[in-house]
Structures are given as C-alpha cells and as structure tokens.
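Input: a single structure, listed below in structure tokens.
In the working numbering, the protein residues as written are 1233 to 1398.
What follows is the structure in structure tokens.
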C-alpha cells in the first residue's frame, strides 16, 4: 500500500507526490480543458486529447500511440490501458452521491485505489489524498495511471457540474 498526495498550485497544474517525492505533473493548457499533458519526473511526457463525437473519449498518447483511454459511462468512468500491447480495463466511480471520494476497481471488481478530494474553495485549488492497494502498486505503469486518474476525476467533476448547472 502507498499514499499519494496530489495538489493543484493553480487551476492548471497538479503535482503528484508520494513520501515527499515528486512522481509527476498533470498540466492543463486551459482551465479544465480536455487537453492536458502528463510529465513524469524522469522526463517522459504524454498528451491527453479528446476523440470522438462531442469529445466523448479522452486518449493518452505516447507520441502517436494510444496507451490509455477513458470515457464516461453510466456506472462511472471506463478506463482502458494498452501498455506493452496488453489491454487492461478499470472502472473509476464516485463512492456515494454526492461525495468527494472516488474508487478505482479492476475487471474483477477489486478495489485498487481510493482518492479523496479536499477543495479549498477560497482559491479554487484542489488536493487529493490517494491510498492504493498492493495490487495497484504492482502495476508497471502505476504513475501514469495515477496521474491520468486525476484527469478522469477532474473530467467527471467538470461534466457533472455542467449537467447540474444546466
């Protein structure tokens, strides 16, 4: 098990840390846009780009290769990874409604991760406390997935806010 903290210093950047060690960063080009960039501390960068009608699917690309995709479904956010030509599926869902807690489960419905959002409404910055299981920690590309989950949660909040307001 591991504990991560993700902080936004402004509404455009999120930093992911574990044991006071920086893992990477999620950077938005505009406030809560679908386009974003993931930068790992080793220098690797990946691009999040919308795809499909009404930008209903978001893909994470390593150059031209899609390594992760997600879309909002009735039961939560459906996530597929394609690392090393091996497809894995996950489900990110809000735990209760309304809630500030999100869980990630695998195809066998085993809980892999819990993310709890703490908002600082006075400056619109967010903080996530993320607790993972040993199963999540054994995933080879867990850092990329964890940073992508921040984007998934922000996407979910953005979409549900738009629906609630209209």
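The C-beta atom is built at its ideal place from N, Cα and C for all residues, glycine as well.
(message) In whole angstroms, give me the CA-to-CA distance for residue 1249 and residue 1305.
(response) 29 Å
(request) Determine the extent of the beta strand (DSSP E) in which residue 1257 is found, giving its start and end residues. (result) Residues 1253 to 1260.
(message) Less than 8 Å between the beta carbons of residue 1361 and residue 1270, yes or no?
(response) no
(request) For the region 1281 to 1334, list the beta strand (DSSP E) runs that are entirely contained and at least 3 residues long, ordered along the chain. (result) Runs found: 1289 to 1294, 1297 to 1305, 1308 to 1315, 1318 to 1326.
(request) May I ask you to report which of helix, strand or coil DSSP gives residue 1339? (result) coil
(request) Determine the direct distance from the alpha carbon of residue 1275 to that of residue 1282, and round the result to whole angstroms. (result) 23 Å
(request) Leaving aside the five residues before and after residue 1241 along the sequence, list all residues of the same chain whose C-beta is less than 8 Å from its C-beta, in chain order. (result) 1247, 1357
(message) Does residue 1317 pass the burial test, meaning 16 or more other C-beta atoms within 10 Å, or should it be called exposed?
(response) exposed
(message) For residue 1389, list the residues DSSP reports as bridge partners.
(response) Beta-bridge pairing links residue 1389 to no other residue.
(message) For residue 1289, which residues in the same chain have their Cβ closer than 8 Å to its Cβ, ignoring the five residues on either side in sequence?
(response) 1282, 1283, 1301, 1302, 1303
(message) Just to confirm before moving on: does the CB-CB distance between residue 1207 and residue 1272 stay below 8 Å?
(response) Lying before the first or after the last residue shown, residue 1207 is absent from the chain, which here runs from 1233 to 1398.
(request) Kindly indicate which residue of 1373, 1266, 1359 has the alpha-carbon position closest to the one of residue 1315. (result) 1373
(request) Using the Cα positions of residue 1201 and residue 1380, report the straight-line distance between them to the nearest angstrom. (result) Nothing about residue 1201 can be reported from this structure: the residues present for the chain run from 1233 to 1398 only.
(request) Kindly indicate which three-state DSSP category residue 1238 falls into: helix, strand or coil? (result) strand
(message) The beta strand (DSSP E) that contains residue 1265, what's its start and end?
(response) In the DSSP assignment, residue 1265 falls outside any beta strand (DSSP E), carrying neither H nor E.
(request) Can you tell me which of the three DSSP states residue 1377 falls into? (result) In the three-state scheme derived from DSSP, where H, G and I count as helix and E and B as strand, residue 1377 is classed as helix.
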